[in-house]
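Contents: one structure, followed by commentary.
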Amino acid sequence: MVIEMSSPWIAGPVGAAAGAALAWIASEYQTRKTYRNVLLLLAKSADDFAGMGQLDKALSIYDQVLKEIPRLEPAVRGEMRFREGLCRYASSFEGARERNLAGAVAAFEEAIRLFKPEKSPVEHAQAQNGLGISLVRLSDTGAAKGDIDWAGRGGGEVREENLRRALLAFEAALSLYSAEGRAQERAQTENNLGDARLLLARLRLSGPAPSAAKAAASDLERAIEAYEAALKFRTAEDHPEDRAETQTSLGRAWMALAELEEGDMREGHLEKAIINFKAALELRTLESHPFERAETQTLLGRALVLEAEPRAEGGEIRWSDREGLKAAMEAYEEALTIRTQKASPEEYAETKGLLARALVILSAPAGGSEDAAHLKRAIGAFEDALAVMTLEAHPEEYATIQNDLGIAYRNLSKLEDREENLERSILAYEEALRARSGGARKVGGKETNERDGEELEGGGEVGGVRAL
């Protein structure tokens, strides 16, 4: 249906004007179906407000339409609820995240019921996709659907349920898009499916279940399949931005899978991650997509560090690949030209911390003036990160960085100013303990955290540097 753009309704009445118009429509609606066009025109004006960032005005129109005309025909009500869902999803980035996402989920679920797949397959698939992305975002909050009280359930359990529901929604949308021959919609849904599986794998690994690694590996393998399916439709020539997005996500999945493996399989997965990150960087140039490029450069740096870091093999220590670590540092340093403390403080702190850890690994085994210089650079980078990741605002990140700072000072004490650097190392460890709940206790002469028993002296070290 074509909406006449010259209509006076296009101005998008709000408040009293909209209420008067809707009262008139409501009185005539059952006998004059042509007013369906007017209702959709009101929806279009709401879309215009949403496009201008005036989400509250857009939502007020949807609310009034749905309230004033309760017996809308299914197709019209489904369209209204679908648009409302999109608007509430967008509003979740502005504030009241859980409330807006819960509203989006409810709106998309009703739209799915109203858009029968046999009659309106594309609209049904769009609503399923909207439900999926809302549930994925909701899984980050641990919030649940509707009015159910989930207070007695663990946050991880609720998040996992939301992700499982998202997977079902994406799979339903995918089957319809495939049947309708909608290639780009299918590619986007495959990408969304991969993202949900990647998040589910991370959630599994954060839990205590002994079978978590195996289940997470299965999720990651299926995420990789989804991303690779999306890339078949997202070519560099026709869809460069979408392809770069998917290749970055595919690199993430390969990197996460590598961390669950050892030996040749681990190296093979990391190599695939690096290939995908580099391919994405060819499309995400500094001029056209600076922030996205910085994200991919940071991920590339992480993969290069994982590939280069020292590890035990056959009872011997394989020392770090210094050239690989230097390539990682170059990636981090380019990212920091975009991720500045002023523009992106949290991303800046994350990348500074990663750069510092690469420098600590590069200095092992500490033995000369060059290694001391790397450690001093690492200490400076950790302190830069702490300027953002404060104890009050980010206690967990603060504790991790203080712990790593303690390692850097301790390693530096082996090269110069032994007593002074050891004292600074101890102060950093104590700050890490202070930031972690549960306090500290003594075990075998070493301070540990009561919450998880992690040795802050650098447990899990390789050559004096713990695998960060």
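Here the UniProt record's numbering is used: the first residue of the sequence shown is 1, the next is one more, and so on.
C-beta atoms are modelled at their ideal positions from N, C-alpha and C, and glycine is treated no differently.
Just so it is clear, the structure is predicted and the values come from calculations on it, not from any experiment.
- Counting every other CB atom within 10 Å of its CB across the protein chains shown gives Arg-204 a total of 16 or more, marking it as buried.
- The three-state secondary structure of Ser-425, taken from DSSP, is helix.
- A residue is called buried once 16 or more other Cβ atoms fall within 10 Å of its Cβ, and Gly-406 is buried on that count.
- With fewer than 16 other beta carbons inside 10 angstroms of its own, Leu-286 counts as exposed.
- Taking C-beta atoms under 8 Å as the contact rule, Leu-354 and Thr-298 qualify, at a distance of about 7 Å.
- Ser-344 is classed as buried because its beta carbon has at least 16 other beta carbons within 10 Å across all chains shown.
- Cβ atoms of Thr-246 and Leu-231 come within 8 Å of each other, at about 6 Å.
- Counting the other CB atoms within 10 Å of its CB gives Arg-71 a total below 16, which places it among the exposed residues.
- Non-local C-beta neighbours of Ala-358 in its own chain, meaning closer than 6 Å and more than five positions away in sequence, comprise Val-305, Leu-325, Ala-328, Met-329, ordered along the chain.
- The DSSP-derived three-state label of Arg-339 is coil.
- In terms of Cβ geometry, Ala-213 and Leu-283 do not form a close pair [threshold 7 Å].
- Around Ser-413, the same chain offers Asn-421, Leu-422 as residues with beta carbons nearer than 6 Å, after the five sequence neighbours per side are excluded.
- Contact annotation: Ala-169 and Leu-198 have beta-carbon atoms that are not nearer than 7 Å.
- Here DSSP, grouped into helix, strand and coil, assigns Arg-436 to coil.
- In chain order, Cys-87 place their CB closer than 6 Å to the CB of Leu-59, counting only its own chain and leaving out the 5 sequence neighbours on each side.
- In the DSSP annotation of this structure, the continuous segment of the alpha helix (DSSP H) that includes Ala-187 starts and ends at 183-205.
- The C-beta distance from Val-122 to Arg-182 rounds to 7 Å, short enough to meet the 8 Å contact threshold.
- Scanning the segment 114-144 from its first residue to its last, the whole alpha helix (DSSP H) runs of 4-plus residues come out as 121-139.
- Per DSSP, Pro-310 lies in no alpha helix (DSSP H) and is assigned neither H nor E.
- Nearest to Ala-294 by C-alpha distance, out of Ala-279, Ser-218, Ala-331, Gly-263, is Ala-331.
- CA-CA distance, Ser-139 to Pro-240, rounds to 29 Å.
- Residue Leu-427 holds the alpha-carbon nearest to the alpha-carbon of Asp-404 among Leu-427, Phe-233, Ala-215.
- With a beta-carbon spacing of about 5 Å, Gln-128 and Ala-172 fall inside the 8 Å limit used to define contacts.
- One thing to note: Ala-385 has its Cβ within 7 Å of the Cβ of Ile-401.
- With fewer than 16 neighbouring CB atoms inside 10 Å of its own CB, Asp-417 falls in the exposed class.
- Put simply, the backbone Cα of Lys-119 is about 44 Å away from that of Lys-278.
- Considering only Ala-256, Thr-235, Glu-94, the residue with the shortest C-alpha distance to Leu-200 is Ala-256.
- Collapsing the DSSP output to three states places His-269 in a helix.
- The beta carbons of Ala-216 and Ala-196 sit no closer together than 7 Å.
- Counting the other Cβ atoms within 10 Å of the Cβ of Arg-234 gives 16 or more, which makes it buried.
- When the five nearest sequence neighbours on each side are left out, the beta carbons in the same chain lying within less than 6 Å of the beta carbon of Lys-352 are those of Ala-381, Asp-384, Ala-385, in order along the chain.
- The C-beta separation of Ala-303 from Ala-273 comes to about 5 Å, placing the pair in contact by the 8 Å criterion.
- Sequence-distant Cβ neighbours of Ala-229 in its own chain, meaning closer than 6 Å and more than five residues away, are Glu-190.
- The shortest CA-to-CA distance from Thr-337 to any of Arg-424, Pro-290, Glu-94, Met-265 is the one to Pro-290.
- The C-beta distance from Ala-378 to Ala-356 rounds to 4 Å, short enough to fall under 8 Å.
- The shortest C-alpha to C-alpha distance from Ala-106 to any of Gly-53, Gly-95, Leu-135 is the one to Leu-135.
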